[in-house]
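Trainee:
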Amino acid sequence: MRRVLASERDQSAGAKPGHRRGKSAGALPPVYRRRHYLTVVAFLVVIALIGAGNTENMYQISVFNNALTISVATVGLYFAYQLGGMFAFSQAAFMGIGAYTSAILSPDYGFVFSAGVALIVAAVLSYGLAFLLRNAKHMYFAIGAMAFAEIVVLVLRNWEVTAGPTGGGNLYGIAPPSVAGYEFPLPGDIFWFLLAVLGVVLLLSVLLERSPLRRHSLAVKAIPQVTESNGIDPRRSAMTLFTYGSTLGALAGVLQAHSLGTIAPESFEVGVSINLFLMLLLGGAGSLWGGVAGAFFLTWLPEFLRPVKEYETVVYSLLLLAVIVLFPNGIVGAISWLAEKARGWTGRKGKAANHA
Amino acid sequence: MLEAKDIRVKFGGNTAVDGVTLSLDEGQVVGIVGPNGSGKTSFLNAICGIVPATGSLTLRGRQVPLGRPLKVRAAGLSRTFQTPQVFEDLTCVENVMLSDERFRRTGFLGATLARRAMLRDEHERTERALRALATVGLAALRDQLAEGLAYGQARYLEIARALAGRPAVIALDEPSAGLNAEETKRLADLLRSVSEEGVSLLIVDHKIEYLSRICDRIDVLELGRLIASGPPERVFKDPAVIEAYLGT
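So the sequence lines, in the order shown, correspond to chains A and B. Residue numbers for the first sequence follow our numbering, so the first one is 7 and each next one is one higher. Residue numbers for the second sequence follow our numbering, so the first one is 2 and each next one is one higher.
Laid out in structure tokens, this is it:
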């Protein structure tokens, strides 16, 4: 082991005066100083306030519940695709794996155990898939993920366990979620449960955002060969993130099955994964919040377009085009840009006031 | 410290490196020169495990398999690239933290369950990265994204990243490319001070004057073969080298 450079000793940690190792976060990179936790809390409070006024309206709250469920899947996609660099066209299939596993097990084992098993099954399968496809890059990975998704849907349609031969894979009468004796029978109750789950998912995801895993994954995504020369296994972070993202997909499936009470293989086809990608990209793939913004935007958009009736599809498509053209970094990117502008504007105004 | 024996690299039917053998002692600075296409970068890529190669590599007395960049790095060989390879979406300090020699608690469990220990490790990594940035004179840019760096700064950032990994040997591929005379002189001073602290350097470059200043030995490649080796003042007067490399 080489000696410490004299120049290094002279300027050791003194680059940050007053820093005490392990106590202060001052020396850590800026990503550790961002107020992610506050953003999560603020988001949950806003959604809780809006949702609280609609819990009696069964239809409105069901749309909310759908947006919350889909948000879990799109946050997962953010990790698998944006950070992990994997074209996870298998996301809807993992939703299906989670949904069916939990739905089949829950009558005998209860919601919590079944959901837990569903997540473990999805984690093992997604890690296995990532391992199998570890040398497949970009679109080759996408093709592999699509093939996996097709197999999953075929199995759901035809397997006896999933009522394939008798009911085409459709399952009905799935019990609503219940945790530690608390039941959430109505959509208004399920709303609070889903909000809590999304809150936990976001907090967990923030922990990953504020960790070396993010740094490694961004580096691997940019120049994998160079990260390898620096001692970082490019496959490790990608496989970890794909597994985490896909497991969140399975969690979304579990939530969907138990909040709707019914599931069908069609809900987990590749087309659904493409929709999830659309949500992430429109929301802003560069941010953890992009998936959430996109899920809410695309879930609510058809509701706002009800008044235009027969022109709904045309207006919907035009709006999508408008978002893509006007906000190339997605909704969250546009909000960040506006916030930056506003800060600059108020800063100038403040300076002008000081000069005056 | 480093011993590469009979390294051969083939691309299809072409032999880029043809049985090159060289060694480095602790703190030694060795320059590799040769005309374009002589196999200098291919040789570096081979010993760093980036391209398939045959031969044998020993680092710190341990045999290291060729073609395995992770093993080569773990054995103590860092490198920089011909075109600076920095990660533009990361800050300078994060770029340097990527080369830490111990990747403990950098996965899912570190981010979640072992968080306190992970943060402790991160503080240590940050401090090491800051020391390396200070060594190359980039400490003030620690939190700046690497995408905004000038070419020369990106070069120094790469060197800082290589240093922070506490390697036994650093392989530098044309570190002076794109630097002006003043910057090249500063680079030479920096590399000399690094070697004086016990790090061996293997430098591929074209600028003979600065190589003569800092190198203990110059190895000359031509058409993938080692044609001369020795102290700079002797090698650059070797008629075979003058004919092959200088062309006069």
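Beta carbons: idealized from backbone N, C-alpha and C, even for Gly.
In chain order, which continuous runs of the alpha helix (DSSP H) of length 4 or greater are located wholly inside the stretch 90-151 of chain B?
Mentor: 93-98, 109-112 and 116-137
Trainee: Can you tell me whether Thr-16 (chain B) is helix, strand or coil according to DSSP?
Mentor: strand
Trainee: On the DSSP bridge list, what partners appear for Arg-63 (chain B)?
Mentor: B:Leu-60
Trainee: Please list the residues of the stretch 218-240 of chain A that have a C-beta atom closer than 8 Å to any C-beta atom in chain B, keeping them in chain order.
Mentor: With the criterion set as a beta carbon lying under 8 Å from some beta carbon of chain B, the members of the stretch 218-240 of chain A are Pro-218, Leu-219, Arg-221, His-222, Leu-224, Ala-225, Ala-228, Ile-229, Gln-231, Val-232, Thr-233, Glu-234, Ser-235, Asn-236, Gly-237, Ile-238 and Asp-239, in sequence order.
Trainee: For Ala-31 (chain A) and Ala-75 (chain B), I'd like the C-alpha separation in whole angstroms.
Mentor: Because the pLDDT of Ala-31 (chain A) is 42, which lies under 50, any placement of that residue in the model is unreliable, and the question is left without a value.
Trainee: Applying the criterion that 16 or more other CB atoms from any shown protein chain within 10 Å of the CB defines a buried residue, is Gly-14 (chain B) buried or exposed?
Mentor: exposed
Trainee: If you check the beta carbons only, do Arg-224 (chain B) and Leu-202 (chain B) fall under 8 Å apart?
Mentor: Here residue 224 (chain B) turns out to be Leu, not Arg, going by the sequence shown. No, Cβ-Cβ distance for Leu-224 (chain B) and Leu-202 (chain B) is not below 8 Å.
Trainee: Relative to chain B, which residues along the stretch 323-345 of chain A have a C-beta separation below 7 Å, given in chain order?
Mentor: none
Trainee: Report the three-state DSSP secondary structure of Arg-41 (chain A) (helix, strand or coil).
Mentor: Arg-41 (chain A) falls in the coil class under three-state DSSP.
Trainee: What residues are listed by DSSP as bridge partners for Ile-204 (chain B)?
Mentor: DSSP, once it has assigned bridges, lists B:Gly-32 and B:Leu-173 as partnering Ile-204 (chain B).
Trainee: Thinking just about the alpha-carbon of each residue, which of B:His-124, B:Gln-29 and B:Ile-219 is nearest to the one in Cys-107 (chain B)?
Mentor: Sequence inspection shows Thr at residue 107 (chain B); the Cys mentioned does not correspond to that position. Per the Cα distances, B:His-124.
Trainee: Cα-Cα, which of B:Asp-19, B:Val-205 and B:Asp-26 is closest to Ala-178 (chain B)?
Mentor: B:Val-205
Trainee: Using a Cβ-Cβ distance under 8 Å, would Tyr-250 (chain A) count as near chain B?
Mentor: For Tyr-250 (chain A), a Cβ of chain B is located within less than 8 Å of the residue's own Cβ.
Trainee: Could you please give me the residues that DSSP links to Tyr-188 (chain A) through a beta bridge?
Mentor: A:Val-185
Trainee: Do the CB positions of Val-137 (chain B) and Ala-161 (chain B) come within less than 8 Å of each other?
Mentor: yes
Trainee: Looking at Gly-104 (chain A): is its Cβ nearer than 8 Å to the Cβ of Gly-251 (chain A)?
Mentor: No. Outside cutoff.
Trainee: Which stretch, first to last residue, makes up the beta strand (DSSP E) that contains Asp-190 (chain B)?
Mentor: Here Asp-190 (chain B) belongs to no beta strand (DSSP E); instead the alpha helix (DSSP H) covers 182-197.
Trainee: Do Ala-98 (chain A) and Leu-282 (chain A) count as a contact pair if the criterion is CB distance below 8 Å?
Mentor: yes
Trainee: Between which two residues does the beta strand (DSSP E) harbouring Gly-231 (chain B) extend?
Mentor: 226-231
Trainee: To test your reading of the DSSP string, which unbroken alpha helix (DSSP H) runs of 4 or more residues are found completely within the stretch 224-312 of chain A?
Mentor: 230-235, 240-266, 276-289 and 294-310
Trainee: Are there 16 or more other CB atoms within 10 angstroms of the CB of Lys-238 (chain B), so buried, or fewer, so exposed?
Mentor: exposed
Trainee: Does the beta carbon of Thr-249 (chain B) come closer than 8 Å to any beta carbon on chain A?
Mentor: The predicted model places Thr-249 (chain B) with a pLDDT of 46, which falls under 50 and marks its position as unreliable; any figure quoted below should be read in that light. No, no contact with chain A.
Trainee: If you draw a straight line from the alpha carbon of Lys-186 (chain B) to that of Leu-180 (chain B), how long is it in whole angstroms?
Mentor: 9 Å
Trainee: Grab me the residues of Ala-133 (chain B)'s own chain with a C-beta within less than 8 Å of its C-beta, minus the 5 sequence neighbours each way, in chain order.
Mentor: The answer, listed in chain order, is Val-97, Ala-161, Arg-162, Leu-164 and Ala-165.
Trainee: Under 8 Å, with one C-beta from each stretch per pair, do the stretch 62-80 of chain B and the stretch 44-52 of chain B reach the 3-pair mark?
Mentor: yes
Trainee: Quick one: is Glu-123 (chain B) near chain D, going by C-beta distance under 8 Å?
Mentor: Of the protein chains in this structure, namely A and B, none is chain D.
Trainee: With a threshold of 8 Å between beta carbons, is Arg-319 (chain A) in contact with chain B?
Mentor: In the sequence under discussion, the amino acid at residue 319 (chain A) is Thr, which differs from the Arg named in the question. It does not: the Cβ of Thr-319 (chain A) has no partner Cβ on chain B nearer than 8 Å.
Trainee: Since Ala-291 (chain A) and Gln-88 (chain A) are thought to touch, with beta carbons under 8 Å apart, how far apart are those beta carbons, to the nearest angstrom?
Mentor: 5 Å
Trainee: For Leu-250 (chain B) and Ala-147 (chain B), which I take to be in contact (beta-carbon distance under 8 Å), what is that distance rounded to the nearest angstrom?
Mentor: In this structure chain B extends from 2 to 249, so residue 250 (chain B) is not present and cannot be described.
Trainee: With a threshold of 8 Å between beta carbons, is Ala-5 (chain B) in contact with chain A?
Mentor: So, not an interface residue.
Trainee: Would you call Ala-12 (chain A) buried or exposed, if buried means 16 or more other Cβ atoms sit within 10 Å of its Cβ?
Mentor: With a pLDDT of 44 at Ala-12 (chain A), under the threshold of 50, the modelled position of that residue is not reliable, and the figure given next carries that caveat. Exposed, since its Cβ has fewer than 16 Cβ neighbours within 10 Å.
Trainee: Output, in chain order, the set of chain B residues within a Cβ distance shorter than 7 Å of Thr-246 (chain A).
Mentor: Residues of chain B passing the Cβ test: Gly-108 and Phe-109.
Trainee: Which residue's Cα is closest to the Cα of Val-65 (chain B): B:Leu-3, B:Arg-226 and B:Gly-199?
Mentor: B:Leu-3
Trainee: Look at the Cβ atom of Ser-243 (chain A), then the Cβ atom of Leu-219 (chain A), and state whether they are nearer than 8 Å.
Mentor: yes
Trainee: If I measure Cβ to Cβ from Gly-267 (chain A) and keep anything under 6 Å in the same chain, skipping five residues before and after, which residues do I get?
Mentor: Ile-180
Trainee: Taking the alpha-carbon of Ser-213 (chain B) as reference, which of B:Val-236, B:Ala-130 and B:Glu-159 has the nearest alpha-carbon?
Mentor: Nearest option by C-alpha distance: B:Val-236.
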